[in-house]
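Chemist: Would you mind keeping the following structure in view while I ask a few things?
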Amino acid sequence: MELLIKTVRGEVESLTDYDCTVRETAENEKSLDVTVSRTRRNDHSFGLIENENTFVCDGEEYVIKKTNPVTAVGTVKVSATAIYKPLIDLADNYVYSKSGKKKKMTIDDMVAIALEGSGYSYDISPEGLGATFELEDFGDGFSNDLLRDILDKYKAEYAFSGKKVVIAKELGRDTDYQIRHKFNSRDEQAEVDTSSLKTYIRGYGKQNDKTKAYAVELEYTSPLAEIYGIKHAAPIRDDAYTDKNADELELRLQEELTDTIELSLTLTYTELRYFGVQDIRKGDYVWCMIDPFGINKRIKVVGVERYSDPNKSPVYTFGKLKRDIKTDMKNFRKTEKRVSKLFDAAGKVKGSSIGSGIRIGSDASFDDGYDPTTIPKYGPATAVSDGLMTSNGFQKLQSIVVGPDGKPQVDMASSSKAGLMSSTDYVKISKVSVSSSGPNVDLNKLASDIAALTARVAALESK
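Residue 394 in our numbering sits at position 393 of the sequence shown, with consecutive numbering throughout.
So this is what it looks like as structure tokens:
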């Protein structure tokens, strides 16, 4: 990654001795984390790393929002966090105008208001974005908030191309790249999430002002309610539904209910240029084959982390996978069938399920020759008979002598009996004679002196 620093006055300098990470997340956030140490090579540009100045990383601009300088060994190091400049521009632009009275608005109508005064133009791919919404006073907000509101309505995506906002139903490429466990991926992590699981929802159409009755009132219960019980979702209330389009409300209930268990996947991807697999971007669809997790699907990349260190592989986060309800129900049926074999209609454990002839309760019966009410009693052991321990163990224990301090005592060794050492070692040491009035004897030095003398004698004999 090439990294430059650009001041608010437009001055541009190159940076060296840095480490940086580009992060793109599923929430359309994009940021840059940079750590730079002051060295002789970057002394001219290091002082420009200040808040509101801009990093230029591979041609893209990021506005510095946080800096954290610290002292290092013999120098200074600064860590900085910068946000993708187009996101900052839209977050800093406030739209004061409104659309006015309630009327039907297209996505073009809304985007034009959302970007008013921002300096950004837009390009919308109309496919799948032809719906209109009846809105009143749309506007009066920050450009980025208004834009996100529009994208939520249309379930659409956006990206930036210079000073242009590009909007489409989907922006990613449909690639034939494959990511395989133990082939070009490692450190896979999966997370199963049931925090938003709901199994029941109601829907209400137009309400009569006088009778307060609804033109249509429906409910939908997910098959997963049989497993996880009734978990209520917030009801849908919309005057657009009447008895004439009740079927549309029914479909919306099924679409709005979060009756799936989601699994998210993150992995480290080792780029294999030799196989032509090296250009995966956020938004792309790739084939993901992670056998340990039972995943073999075409999945969308929703998050990417890229590093300036060429030895660090990118980290990818994939869109949440929805577990198949049919599979969940099938597994539940199998478990239910197995459990039914354990209990009778009254909820009691069946005797046949835990072994023939065994009953749990005060009238329990046991195999012949076994009576748990009779506890065997053992006497003390002796040198010739077993008891609480074996006779052999008793003899070993008896040979231990304990002193007044409670610690075992061991006899001194002799030429005929082992003690603190073996009798053989005792005999060897007893043959060493050293005068008590003589000098200290260093056995290591003595050995080396003897070796030196032996060498000298050998040299004289060879002459």
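All C-beta atoms in this analysis are idealised placements derived from N, C-alpha and C, irrespective of residue type, glycine included.
Taking the alpha carbon of Lys199 as the point to measure from, which residue in Asn145, Gln396, Lys207 and Glu257 has its own alpha carbon closest?
Modeler: Against the sequence shown, residue 199 aligns to sequence position 198. Nearest C-alpha to Lys199: Glu257.
Chemist: Which residues in the same chain as Met422 place their Cβ atom closer than 6 Å to its Cβ, once the five residues preceding and following it in sequence are excluded?
Modeler: Stepping through the sequence shown from its first residue, residue 422 is reached at position 421. Residues Ala414 of the same chain have their beta carbon placed closer than 6 Å to that of Met422, with the five preceding and five following residues left out of the count.
Chemist: In terms of residue numbering, what span does the alpha helix (DSSP H) encompassing Asn69 cover?
Modeler: Here residue 69 is taken as the residue at index 68 of the sequence shown, counted from 1. Where Asn69 is concerned, there is no enclosing alpha helix (DSSP H), although the beta strand (DSSP E) it sits in stretches over Glu61 to Ala73.
Chemist: Could you have a look at Phe47 and say whether DSSP puts it in helix, strand or coil?
Modeler: Translated into positions along the sequence shown, residue 47 becomes position 46. Three-state DSSP puts Phe47 in a helix.
Chemist: Beta-carbon within less than 6 Å of Pro465's beta-carbon, same chain only, minus the 5 sequence neighbours each way: which residues are those?
Modeler: As shown, the chain starts at 2 and ends at 464. That puts residue 465 outside it, with no answer to give.
Chemist: For Thr72, which of Arg39, Leu219, Asn297 and Ile50 has the nearest alpha-carbon?
Modeler: Position 71 of the sequence shown, counting from 1, holds the residue named residue 72. Of Arg39, Leu219, Asn297 and Ile50, the residue nearest in Cα terms is Arg39.
Chemist: What residues match up with Ser265 in a beta bridge as DSSP calls it?
Modeler: Counting from 1 along the sequence shown, the entry for residue 265 is found at position 264. DSSP output for Ser265 lists Glu192 as bridge partner(s).
Chemist: Any chance the region 124-138 sits against the region 98-110, with 3 or more Cβ pairs inside 8 Å?
Modeler: yes
Chemist: Give every residue of the same chain whose Cβ lies closer than 6 Å to the Cβ of Arg307, excluding the five residues on either side of it in the sequence, and list them in chain order.
Modeler: To locate residue 307, count along the sequence shown from 1; it is residue 306. Spatial neighbours of Arg307 in its own chain (CB-CB distance under 6 Å, excluding positions within 5 residues in sequence) are listed in chain order as Val23 and Pro315.
Chemist: Just reading off the beta strand (DSSP E) that Lys78 is part of, what are its end residues?
Modeler: Start at 1 with the first residue of the sequence shown, and residue 78 comes out as number 77. Element bounds for Lys78: Thr76 to Tyr85.
Chemist: Inspect the beta-carbon positions of Ala83 and Tyr63 and report whether they are closer than 8 Å.
Modeler: Working through the sequence shown from its first residue, we reach residue 83 at position 82. Working through the sequence shown from its first residue, we reach residue 63 at position 62. Their beta carbons are under 8 Å apart, which means Ala83 touches Tyr63 by this criterion.
Chemist: Kindly indicate which three-state DSSP category Leu152 falls into: helix, strand or coil?
Modeler: Mapped onto the sequence shown, residue 152 falls at position 151. Residue state, collapsed to three classes: helix.
Chemist: Quick check on this structure: which residue in Ala382, Glu53, Asn69 and Ile180 has the alpha carbon closest to the alpha carbon of Phe319?
Modeler: Here residue 319 refers to the residue found at position 318 of the sequence shown. Closest option to Phe319, judged by alpha-carbon separation, among Ala382, Glu53, Asn69 and Ile180: Ile180.
Chemist: Figure out for me which residue from Ala234, Thr271 and Ser436 has the closest Cα to the Cα of Glu189.
Modeler: Position 188 of the sequence shown, counted from the start, is the residue given in the question as residue 189. Of the listed residues, the one whose Cα sits closest to Glu189 is Thr271.
Chemist: With DSSP run on the structure shown, which of helix, strand or coil describes Thr455?
Modeler: Translated into the one-based positions of the sequence shown, residue 455 becomes position 454. Helix.
Chemist: If you check the beta carbons only, do Ser98 and Gly140 fall under 8 Å apart?
Modeler: Your numbering for residue 98 matches position 97 in the sequence shown. Your numbering for residue 140 matches position 139 in the sequence shown. Yes, the pair counts as a contact, with Cβ atoms nearer than the cut-off.
Chemist: My understanding is that Thr68 touches Val79, with C-beta atoms under 8 Å, so please give their C-beta distance in whole angstroms.
Modeler: If you number the sequence shown from 1, residue 68 lands on position 67. If you number the sequence shown from 1, residue 79 lands on position 78. Correct: roughly 6 Å between the Cβ atoms.
Chemist: Going by Cα to Cα distance, which pick from Leu268, His182 and Tyr221 is closest to Pro293?
Modeler: Residue 293 sits at position 292 when you count from the first residue of the sequence shown. For the residues Leu268, His182 and Tyr221, the minimum Cα distance to Pro293 belongs to His182.
Chemist: With a threshold of 7 Å on Cβ separation, who are the neighbours of Leu116 within its own chain once the five nearest residues in sequence on each side are excluded?
Modeler: Along the sequence shown, read from residue 1 onward, the residue named residue 116 stands at position 115. Taken in chain order, the residues that qualify are Tyr123, Ser144 and Val166.
Chemist: Alpha carbons only, please: which of Ile151, Gly420, Glu462 and Val303 is nearest the one belonging to Ile281?
Modeler: By one-based count along the sequence shown, residue 281 stands at place 280. Selected option, being the one with the closest Cα: Val303.
Chemist: So, with DSSP's three-state summary, where would you put Gly380?
Modeler: In the sequence shown, residue 380 corresponds to position 379, counting from 1. Correct three-state label for Gly380: coil.
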